[in-house]
């Protein structure tokens with residue numbers, strides 16, 4: 002699996018679709034074969050596969066073949082607020098260096114296809130973007146978009162759009178060079194060995210007026226929790242989890258879930274096994290998550306919760322909950338009510 006092949010927020014897909022619509026491309030055309038419905042596109046809680054976003058990129062390029070600078074325009078739309086909790090954590094960092102390090106550590110909460118690494122010497126810090134794992138037909142678009150977006154973020158962090166002194170690209174100078182100069186105010190170099198930014202260490206270590214170390218640490222912790230949740234949604238196991246969570250009463254059995262995923266229960270069982278999972282395991286995980294949510298956040302009785310989660314009775318629910326968590330529902334509820 003490539004470093005960019007992770008689940009991501011639908012916000013990037015929204016921006017790409019909006020960019021295409023402004024240029025006369027229909028929403029249906031942009032979403033074609035992406036697996037993203039219009040309803041999902043405008044639901045901020047939607048998480049999509051990287052391949053779904055790449056499909057939208059391909060549709061955009063195909064629909065607007067005479068707009069080679071499109072990726073730069075797309076990248077300039079990505080601001081810190083676009084990235085949700087990741088953006089807030091970066092904005093709260095005490096200085097730009099800590100912000101960049103946090104950004105690197107939680108890249109899987111972004112929309113990146115050209116992931117970056119950081120290196121440093123006495124005078125400068127280098128941010129290098131790796132585009133070698135991107136499919137050839139969308140490689141240039143993704144690199145340009147990601148680097149243009151990174152330039153916007155660095156400009157926001159450092160308070161000056163030209164804070165990146167040197168910008169290097171592996172490819173040659175494009176015919177739309179003026180668009181490059183607008184997107185990257187620093188000194189441009191083409192046919193270089195790597196795609197990278199060079200920034201003076203002096204500007205990275207300046208304290209930020211809006212920075213707050215305590216807030217940044219709290220938000221970094223939340224980034225870690227969100228990343229764990231996103232990772233649980235990968236592959237077929239993630240699709241099964243989503244289906245079970247959508248109907249919440251957990252009345253869907255394996256046959257019903259397999260049917261919803263357009264496969265036989267035998268195929269579903271085999272594919273889950275290949276991922277090191279099983280329908281029973283996923284069902285138990287969702288039941289535990291929902292049970293904890295209901296015990297912690299509602300006044301429902303044990304019997305009522307058991308009914309909502311499709312257990313035969315309160316006793317069956319209590320036994321299952323203890324098997325999963327090593328404590329009774331009552332003990333769990335009391336422990337959380339005293340916090």
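Residue numbers (the working numbering): 2 to 340. Think of the CB as a built atom: it goes at the ideal place given N, C-alpha and C, for glycine as much as any other residue. All values reported here derive from a predicted model rather than from experimental measurement.
Identified DSSP bridge partners for residue i
{"i": "residue 121", "result": "126"}
{"i": "residue 188", "result": "167"}
{"i": "residue 9", "result": "49"}
{"i": "residue 196", "result": "130"}
Continuous alpha helix (DSSP H) stretch holding residue i: start and end
{"i": "residue 281", "result": "280-298"}
{"i": "residue 329", "result": "That residue, residue 329, is in no alpha helix (DSSP H); it is neither H nor E in DSSP."}
{"i": "residue 139", "result": "137-159"}
{"i": "residue 307", "result": "303-309"}
Local Cβ density within 10 Å of residue i, reported as buried at 16 or more and exposed below that
{"i": "residue 29", "result": "exposed"}
{"i": "residue 161", "result": "exposed"}
{"i": "residue 275", "result": "exposed"}
{"i": "residue 18", "result": "buried"}
{"i": "residue 146", "result": "buried"}
{"i": "residue 122", "result": "exposed"}
{"i": "residue 210", "result": "exposed"}
{"i": "residue 320", "result": "exposed"}
{"i": "residue 80", "result": "exposed"}
{"i": "residue 99", "result": "buried"}
{"i": "residue 203", "result": "exposed"}
{"i": "residue 151", "result": "buried"}
{"i": "residue 330", "result": "buried"}
{"i": "residue 10", "result": "buried"}
{"i": "residue 159", "result": "buried"}
{"i": "residue 215", "result": "exposed"}
{"i": "residue 56", "result": "buried"}
{"i": "residue 109", "result": "buried"}
{"i": "residue 257", "result": "exposed"}
{"i": "residue 242", "result": "buried"}
{"i": "residue 3", "result": "exposed"}
{"i": "residue 13", "result": "buried"}
{"i": "residue 273", "result": "buried"}
{"i": "residue 301", "result": "exposed"}
{"i": "residue 60", "result": "buried"}
{"i": "residue 246", "result": "exposed"}
{"i": "residue 111", "result": "buried"}
{"i": "residue 21", "result": "buried"}
{"i": "residue 277", "result": "exposed"}
{"i": "residue 83", "result": "buried"}
{"i": "residue 284", "result": "buried"}
{"i": "residue 32", "result": "buried"}
{"i": "residue 298", "result": "exposed"}
N- and C-terminal bounds of the beta strand (DSSP E) containing residue i
{"i": "residue 1", "result": "Residue 1 lies beyond the range of the chain shown here (2 to 340); nothing can be said about it."}
ask   = Along the chain, which unbroken stretches of the alpha helix (DSSP H) at least 4 residues long are found entirely within the region 198-278?
value = 202-205, 214-232, 236-248, 255-261, 266-275
Whole alpha helix (DSSP H) elements within the region 24-51, 4-residue minimum = Counting only runs of 4 or more, we get 28-32, 39-42.
request  = Count the CB pairs spanning the region 137-146 and the region 186-195 that are closer than 8 Å, and state whether there are at least three.
outcome  = no
key: Segments of 4+ residues assigned as alpha helix (DSSP H) that fall wholly inside the region 65-106   = 71-76, 86-92, 97-106
ask   = Taking three-plus beta-carbon pairs below 8 Å as touching, is the region 166-183 in contact with the region 104-111?
value = Cβ pair count under 8 Å is below three, so no.
key: Inter-stretch contact at 8 Å, needing at least 3 Cβ pairs: the region 278-291 / the region 308-327   = yes
ask   = So, do the region 66-74 and the region 45-56 have three or more beta carbon pairs nearer to each other than 8 Å?
value = no
query = Should the region 32-47 be regarded as contacting the region 118-131, the criterion being three or more beta carbon pairs within less than 8 Å?
reply = In short, these stretches do not touch, since the Cβ pair count stays below three.
inquiry  = So, does the region 220-239 touch the region 159-173, judging by three or more C-beta pairs under 8 Å?
reply    = no
key: Sufficient close CB pairs (3 or more, under 8 Å) joining the region 193-206 to the region 123-131   = yes
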